[in-house]
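K.L.:
My questions will all concern the structure given below.
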Amino acid sequence: MLGADSMKDSRQGKCRIAVMVSGGGTNLQAVIDGVKDGTITNTEIAGVISNNKNAYALARAQENHIPSRCVSPKDYESRAVFNEKLMEAVDELAPDLVVLAGFLVVIPPEMIRKYRNRMINIHPSLIPSFCGTGYYGLKVHEAALARGVKLTGATVHFVDEGTDTGPIILQKAVEVQQGDTPEVLQRRVMEQAEWKILPRAIDLIANGKVTVQDNRTVIGG
Ligand code: GAR
Numbered sequence: 002m003l004g005a006d007s008m009k010d011s012r013q014g015k016c017r018i019a020v021m022v023s024g025g026g027t028n029l030q031a032v033i034d035g036v037k038d039g040t041i042t043n044t045e046i047a048g049v050i051s052n053n054k055n056a057y058a059l060a061r062a063q064e065n066h067i068p069s070r071c072v073s074p075k076d077y078e079s080r081a082v083f084n085e086k087l088m089e090a091v092d093e094l095a096p097d098l099v100v101l102a103g104f105l106v107v108i109p110p111e112m113i114r115k116y117r118n119r120m121i122n123i124h125p126s127l128i129p130s131f132c133g134t135g136y137y138g139l140k141v142h143e144a145a146l147a148r149g150v151k152l153t154g155a156t157v158h159f160v161d162e163g164t165d166t167g168p169i170i171l172q173k174a175v176e177v178q179q180g181d182t183p184e185v186l187q188r189r190v191m192e193q194a195e196w197k198i199l200p201r202a203i204d205l206i207a208n209g210k211v212t213v214q215d216n217r218t219v220i221g222g
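Residue numbering for the sequence shown follows the numbering used here, beginning at 2 and increasing consecutively.
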């Protein structure tokens, strides 16, 4: 159970977050901006880890003087070795909270165990719609448009052993509009939902306001 008491350092020191990215890093940017402008309190970004050396997110980290590194599966002989190196890189940052901000790699089971209720993910739909294996990035919005839903949105949740199945922390709905393309819808979901609820979830956790009970979260306190 995670609660106000168990969140390491949340009262004495800042909550150290490790942000994991694969691409453009607009969610990382929202977190950087939130820490700077005080929307996210009691938090410091300990480092950024990417699986993709060309991710623009790495440039965003560098521009903001945040330690960053790439751990790519392409540099290791097996998935097992990559998983080991990835976890080492995260552990080195000694994070209180791991933030998956568009990190499109399957998280090793040991890491899920170690960071249970201390690792969150942003997903670009209202879970349990359009989530699970194969639903990531633009594919989520393509599926939402193909189904003809009128409302979509984003979800921040804790990471457990399943794909997008962990306890839900925050959700925000966004309207689908006539004539939307997947790209247009993706951008609206980012602007109206993702960039708001990811910083908000980090702020809540960093201030000991999120508790997990029976695989559901309780917010407040
Ligand atoms: C975001 O839309 C995020 O929700 C999504 O990838 C995008 C990353 O954009 N994540 C997933 O689909 C995870 N299943 P960004 O790099 O600009 O933050």
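C-beta atoms are modelled at their ideal positions from N, C-alpha and C, and glycine is treated no differently.
#1: Looking at the unbroken alpha helix (DSSP H) that takes in residue 98, where does it start and where does it end?
#2: Flag this pair as yes or no: are the beta carbons of residue 144 and residue 159 separated by less than 8 Å?
#3: Using alpha carbons as the reference points, say which of 102, 22, 56 and 87 lies closest to residue 200.
#4: Examine ligand 2 and report whether any of its heavy atoms sits within less than 7 Å of the Cβ of residue 177.
#5: Can you look up residue 187 in the DSSP assignment and give me helix, strand or coil?
#6: Between residue 83 and residue 21, which are expected to be in contact by the criterion C-beta below 8 Å, what is the C-beta distance as a whole number of angstroms?
#7: Here's a check: name, in chain order, each residue in its chain whose Cβ is nearer than 6 Å to the Cβ of residue 165, leaving out the five neighbours to either side.
#8: Is the beta carbon of residue 100 less than 8 Å from the beta carbon of residue 50?
#9: Within the region 20-54, note down every full beta strand (DSSP E) run reaching 3 residues or more, in order along the chain.
#10: Quick one: grab the DSSP three-state call for residue 203.
#11: Go ahead and pull the three-state DSSP assignment for residue 158.
#12: Given 8 Å as the limit, is there contact between the region 44-64 and the region 137-153, that is, 3 or more CB pairs closer than that?
#13: Since residue 174 is in the beta strand (DSSP E), which residue starts that stretch and which ends it?
#14: Helix, strand or coil for residue 124? Go by DSSP, reduced to three states.
#15: Does residue 218 have its Cβ less than 8 Å from a Cβ in chain C?
#16: Within 10 angstroms of the Cβ of residue 152, are there 16 or more other Cβ atoms? Answer buried if so, exposed if not.
#17: Going by the CB atoms, is the gap between residue 121 and residue 98 shorter than 8 Å?
P.N.:
Once the coordinates are examined:
#1: No alpha helix (DSSP H) contains residue 98, which is instead part of the beta strand (DSSP E) from 98-101.
#2: no
#3: 102
#4: Ligand 2 is not part of the structure shown, which contains ligand 1 as its ligands.
#5: helix
#6: Contact between residue 83 and residue 21 is absent: CB atoms are separated by about 14 Å, not below the 8 Å threshold.
#7: 124, 128, 132 and 133
#8: no
#9: 44-51
#10: helix
#11: Residue 158: strand per DSSP, three-state reduction.
#12: no
#13: 169-176
#14: strand
#15: Absent from the structure is chain C; it holds one protein chain and no more.
#16: Residue 152 should be labelled exposed.
#17: yes
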